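Participant: A single structure is presented below for examination.
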Amino acid sequence: MMYALTPDVPLGPFEGVPVTVWSAQSKQARLHASSSCSFLRSARATRQQVRLDASTVDRMCSQCGSYRSWARPGTGLDIFLEAVSGLGLLYELDSYTEADEDSYSEDDVRRAAALLRSKVHDHQCNTPEQEIEEDEEAEEELSDALNVRRTVLSEWRAAFISLARVHQIAEPFPWLKPWMRERLIPKIDRMEKLQDQAKQLIARESVAAAAAVSAMTTPDIPVDDPALTVLGKPTDVTSQVTSLWRRWRSTVEDGIERPCEQTSGIYDLGNRMSSRRKGRDQVLARARKLLIDWEESALHQAAASEAGERVLVARVPQGAVPRRGAQKTDLDRLTEWELGALVSYSIATDWVEPSLVVRVPEPVADRLLSGRSLLDYGEQSTVPSQSAVEPERLSDLEYGLGPGVFDDTPVHARRLLTLEHVRALRETLHDPEQMYIVFSRESGLEVVPLSVLEERCGSGWQGVIVAGASDLPDVLFPALKSTSVDEGTTEADSRWSAYSHDPELPDFGQDLGIAEGEEAIQSDYAGRRDFESARRSLALARGVADLRVLDPTGYDDRGYPRTAFPRVVWDGLLTTGTLHLAPFKPASKDGWGGSELPLGVLAKVQVYTSDAAGLYQGRAHAFHCTHRRHDRGITRDDHMVSLEELLNNEHFDPCSKCGGYAVRRLTDSQVAYYRAAHRLHALSRRINTSSRYRATTTEELTKTLDELSRLTRQTTEAWFPSSVQAEQWRDATERLRRELRASDAD
Ligand SMILES: [Zn+2]
Ligand SMILES: [Zn+2]
Ligand SMILES: [Zn+2]
Numbered sequence: 000m001m002y003a004l005t006p007d008v009p010l011g012p013f014e015g016v017p018v019t020v021w022s023a024q025s026k027q028a029r030l031h032a033s034s035s036c037s038f039l040r041s042a043r044a045t046r047q048q049v050r051l052d053a054s055t056v057d058r059m060c061s062q063c064g065s066y067r068s069w070a071r072p073g074t075g076l077d078i079f080l081e082a083v084s085g086l087g088l089l090y091e092l093d094s095y096t097e098a099d100e101d102s103y104s105e106d107d108v109r110r111a112a113a114l115l116r117s118k119v120h121d122h123q124c125n126t127p128e129q130e131i132e133e134d135e136e137a138e139e140e141l142s143d144a145l146n147v148r149r150t151v152l153s154e155w156r157a158a159f160i161s162l163a164r165v166h167q168i169a170e171p172f173p174w175l176k177p178w179m180r181e182r183l184i185p186k187i188d189r190m191e192k193l194q195d196q197a198k199q200l201i202a203r204e205s206v207a208a209a210a211a212v213s214a215m216t217t218p219d220i221p222v223d224d225p226a227l228t229v230l231g232k233p234t235d236v237t238s239q240v241t242s243l244w245r246r247w248r249s250t251v252e253d254g255i256e257r258p259c260e261q262t263s264g265i266y267d268l269g270n271r272m273s274s275r276r277k278g279r280d281q282v283l284a285r286a287r288k289l290l291i292d293w294e295e296s297a298l299h300q301a302a303a304s305e306a307g308e309r310v311l312v313a314r315v316p317q318g319a320v321p322r323r324g325a326q327k328t329d330l331d332r333l334t335e336w337e338l339g340a341l342v343s344y345s346i347a348t349d350w351v352e353p354s355l356v357v358r359v360p361e362p363v364a365d366r367l368l369s370g371r372s373l374l375d376y377g378e379q380s381t382v383p384s385q386s387a388v389e390p391e392r393l394s395d396l397e398y399g400l401g402p403g404v405f406d407d408t409p410v411h412a413r414r415l416l417t418l419e420h421v422r423a424l425r426e427t428l429h430d431p432e433q434m435y436i437v438f439s440r441e442s443g444l445e446v447v448p449l450s451v452l453e454e455r456c457g458s459g460w461q462g463v464i465v466a467g468a469s470d471l472p473d474v475l476f477p478a479l480k481s482t483s484v485d486e487g488t489t490e491a492d493s494r495w496s497a498y499s500h501d502p503e504l505p506d507f508g509q510d511l512g513i514a515e516g517e518e519a520i521q522s523d524y525a526g527r528r529d530f531e532s533a534r535r536s537l538a539l540a541r542g543v544a545d546l547r548v549l550d551p552t553g554y555d556d557r558g559y560p561r562t563a564f565p566r567v568v569w570d571g572l573l574t575t576g577t578l579h580l581a582p583f584k585p586a587s588k589d590g591w592g593g594s595e596l597p598l599g600v601l602a603k604v605q606v607y608t609s610d611a612a613g614l615y616q617g618r619a620h621a622f623h624c625t626h627r628r629h630d631r632g633i634t635r636d637d638h639m640v641s642l643e644e645l646l647n648n649e650h651f652d653p654c655s656k657c658g659g660y661a662v663r664r665l666t667d668s669q670v671a672y673y674r675a676a677h678r679l680h681a682l683s684r685r686i687n688t689s690s691r692y693r694a695t696t697t698e699e700l701t702k703t704l705d706e707l708s709r710l711t712r713q714t715t716e717a718w719f720p721s722s723v724q725a726e727q728w729r730d731a732t733e734r735l736r737r738e739l740r741a742s743d744a745d
């Protein structure tokens, strides 16, 4: 069942925040989050803004109240509503408060505990024959008792996880704590009841013995024992008995049975020699005895080491309990032994940050502290009081996740982003990995991916979020005309071949431009709804100063790298072809070299390559080259240089397949200058061809030259950052004019 927000839940700083609702005219009409809610029957429903408070919550339609559509995705209110309603806080507070239909009664537990205790204390290890003769009824009773223990243990764990989850959910919203306190009482009671039951069902001495076995050293193998010689040569005896010991130890160390009861391994030993029945019984009986000896020796070794007790705190690590109820948590993967140790030695629970305090004997402490657990264990010097401790932390009120962190309060009301906020966002949004426009005093305005923000917050960065992708106004993203798809060719092919290689044609160089970048994404998404978000990502990423920060740094809870956007956005950001740089290269004597034109507005274009200066073995590659071992876009290890630097570096050694680099897509004026430079370069080639072989008339050449030399002031300023470069361009055109006249005079 999904839980709707109820009027008693304190709204804290969200009290009075305006929300958009739909409702029929009357004063008492239910409020709906969406006009399409099936409970909104009136055809005359109107859209209105109301202030969020207890009375509005009371009027909310329960269907709409269970889902969080009252707020824009990713805003603070959205995160709060997601945390509380649906399968969030209200659901958790309502679960594990009492015994359910699968729980066992107190009597069941008592009976099972008595039986299990008698197995541990009054037991003499039976020989295999005796065990077979045990009556079926006793077997059944034992299996019932074990079932009771398993159920109680797993209920206890679930109650513990639920309490941990309540605290994790409420963490960013400190104003909930006073309200929660009373509602937590039945949950804590229930968990403590289960803990008591589990304590009855688990023998501490078995838990301690298992820890001792886990730490014991390889025992001496009695190779000369006549009962074992049927196993073969002394080396066979050693290897088979050692393997029995290993298997026994690994079964024992994860369980909570008395070690010598874990007999499954010895039948394996017997199975290998089933043909010699007489010797087999002897071996089995001897093996049984060995288990008893080993248990004894483990306990002896443990007792010899400094005996004593230690008090440890087991903490649930941050993120070990995912917020959504259905997901498996790390705690579900604890071994039966660890659960048993936590329950049977627990002396206190702390619900400020979910943790358990245990007082344990040395071998158990060693094992818990060995670092093999999913929980964080630490030594505790002071023992807290028996009751759950929860100090007042009122200063938290200032740091909670209220309005002004993620949503669009006025910029002057924005609040500092913290690590807790980032985590809360991650747990709320389906796909929170994106870029944010942020502002800080130390670095001003920037566009930064969430994982980088997380790192920064972790190291004390102080800044605010100005906007995320969904905050960008729609007016910036008008609908695009759909791109047509030709039959038989892939879209990419038809797009690339559509651009001409003749600089005299107006679309020359457009394949390098930013408009083409957006089309690359559009055709990849072909009408999918998430195109809009990819398009916004592209726009935001264009503002990232150094694209290498977009290389994902962490992994999400499903183990995927945290990428700020889908892979195709890289194609929108960067060219997948290289530039033809002949116009900017030095001239050569034969006339077929470069035109020595200034790089102008292209000089500072960012170039990304795996190796800009021939530093590493092998050729340099662009991000999209199939020679790279991965396809995750630009990485932190890539080089970023300017086009000017690349052109001047004679050590740059590009791959012939990809051209060795990709550049940030060119702006309109960069594309225009790129085309103009190619036109001038082509013109110079034609002029240098003897007039007899020329395909173009002198009039045409003169016309083009006129066009390229009579630049407006705006164009000159847009193409050449310095007057020296503008001068070089003028010189080049003048020179061509002279050459044209001279060649015509021939
Ligand atoms: Zn509704
Ligand atoms: Zn390559
Ligand atoms: Zn290559």
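Take the sequence shown: its position 11, counting from 1, is numbered 10 in numbering that gives the first Met the number 0, and each next residue is one higher.
In this text, a Cβ means the ideal position worked out from N, Cα and C, and glycines have one as well.
Model, not experiment: these values are computed from the prediction.
#1: Which whole-angstrom value is the C-beta distance of V240 and V212, which I expect to be below 8 angstroms?
#2: Thinking just about the alpha-carbon of each residue, which of L268, E308, Q317 and W247 is nearest to the one in A297?
#3: Within the chosen definition, does the stretch 661-674 reach the stretch 504-518 through at least 3 CB pairs nearer than 8 angstroms?
#4: Hey, would you say the C-beta of C654 is under 6 angstroms away from at least one heavy atom of ligand 2?
#5: How many Å lie between D406 and G508 at the Cα?
#6: Short check: CB of G73 to CB of L373, under 7 angstroms?
#7: Cβ of C63 within 6 angstroms of any heavy atom in ligand 2?
#8: Taking the alpha-carbon of V723 as reference, which of G613, C624, V600 and T696 has the nearest alpha-carbon?
#9: Report buried or exposed for I201, applying the criterion of at least 16 other Cβ atoms within 10 angstroms of its Cβ.
#10: Using DSSP with H/G/I as helix, E/B as strand and the rest coil, what is Q24?
#11: Relative to the C-alpha of R712, which candidate in D705, A725 and T701 has its C-alpha closest?
#12: Does any residue of chain B bring its CB to less than 7 angstroms from the CB of C624?
#13: Would you call the stretch 46-58 and the stretch 101-113 in contact, with 3 or more CB pairs under 8 angstroms?
#14: What are the uninterrupted segments assigned as alpha helix (DSSP H) that are 4 or more residues long and contained completely in the stretch 526-582, given in chain order?
#15: Quick one: what's got a C-beta closer than 8 angstroms to G307's C-beta in the same chain, skipping five residues either side?
#16: Between the Cα of V568 and the Cα atoms of Q433, L183 and D743, which residue gives the shortest distance?
#17: Below 8 angstroms, how does it come out for the stretch 590-609 and the stretch 559-566: are there three or more Cβ pairs, yes or no?
#18: I'd like to confirm something about H638: is its beta-carbon nearer than 6 angstroms to some heavy atom of ligand 5, or not?
#19: Can you name, in chain order, every residue of its own chain whose Cβ lies under 7 angstroms from the Cβ of A423, other than the five neighbours on each side?
#20: Figure out for me which residue from Q27, P17, S33 and D52 has the closest Cα to the Cα of L4.
#21: Relative to the C-alpha of G85, which residue among A671, D99 and Y66 is closest?
#22: State the Cα-Cα distance for the pair Y607 and Q521, rounded to the nearest angstrom.
#23: Spatial neighbours of R332 within its chain, please: C-beta separation below 8 angstroms, excluding the five flanking residues on both sides.
#24: Based on Cα-Cα distance, which residue from L479, V543, A519 and P409 lies nearest to V451?
#25: Measuring alpha carbon to alpha carbon, tell me which of G467, K232 and L89 ends up nearest T408.
#26: Between the stretch 219-228 and the stretch 172-180, can you find at least three pairs of beta-carbon atoms closer than 8 angstroms?
#27: With C-beta atoms as the reference, is A769 less than 7 angstroms away from R413?
#28: Within 10 Å of its beta-carbon, does M190 have 16 or more other beta-carbons around it, so buried, or fewer, so exposed?
#29: Please determine whether the Cβ atom of H620 lies at a distance below 6 angstroms from any heavy atom of ligand 2.
#30: Since R663 sits in a beta bridge, which residues does DSSP pair it with?
#31: Would you say the beta carbon of H626 comes nearer than 6 angstroms to a heavy atom of ligand 2?
#32: Specify the secondary structure class of D492 as computed by DSSP and reduced to three states.
#33: Could you spell out where the beta strand (DSSP E) holding V447 opens and where it closes?
#34: So, using beta-carbon positions, are L539 and V421 closer together than 7 angstroms?
#35: Rounding to the nearest angstrom, what Cα-Cα distance links P560 and R631 in this structure?
#36: Looking only at C-alpha atoms, which of L268, N687, E518 and H500 sits nearest to A478?
Facilitator: Inspection of the coordinates gives the following:
#1: That pair is no contact at about 16 angstroms.
#2: W247
#3: yes
#4: yes
#5: 41 angstroms
#6: no
#7: no
#8: V600
#9: buried
#10: coil
#11: A725
#12: In summary, chain B is missing from the structure at hand, where a single protein chain is found.
#13: no
#14: 530-540 and 567-572
#15: P360 and E361
#16: Q433
#17: no
#18: Among the ligands modelled here, namely ligand 1, ligand 2 and ligand 3, ligand 5 does not occur.
#19: I78, P171 and L400
#20: D52
#21: Y66
#22: 23 angstroms
#23: L373
#24: V543
#25: G467
#26: no
#27: No information on residue 769 is available, as it lies outside the stretch 0 to 745 that the chain covers here.
#28: buried
#29: yes
#30: L573
#31: yes
#32: Reliability fails at D492, whose pLDDT of 48 lies under 50, so the model's placement of it is uncertain and the value that follows must be treated cautiously. In this structure, D492 counts as helix in the three-state DSSP scheme.
#33: G443 to P448
#34: no
#35: 10 angstroms
#36: E518
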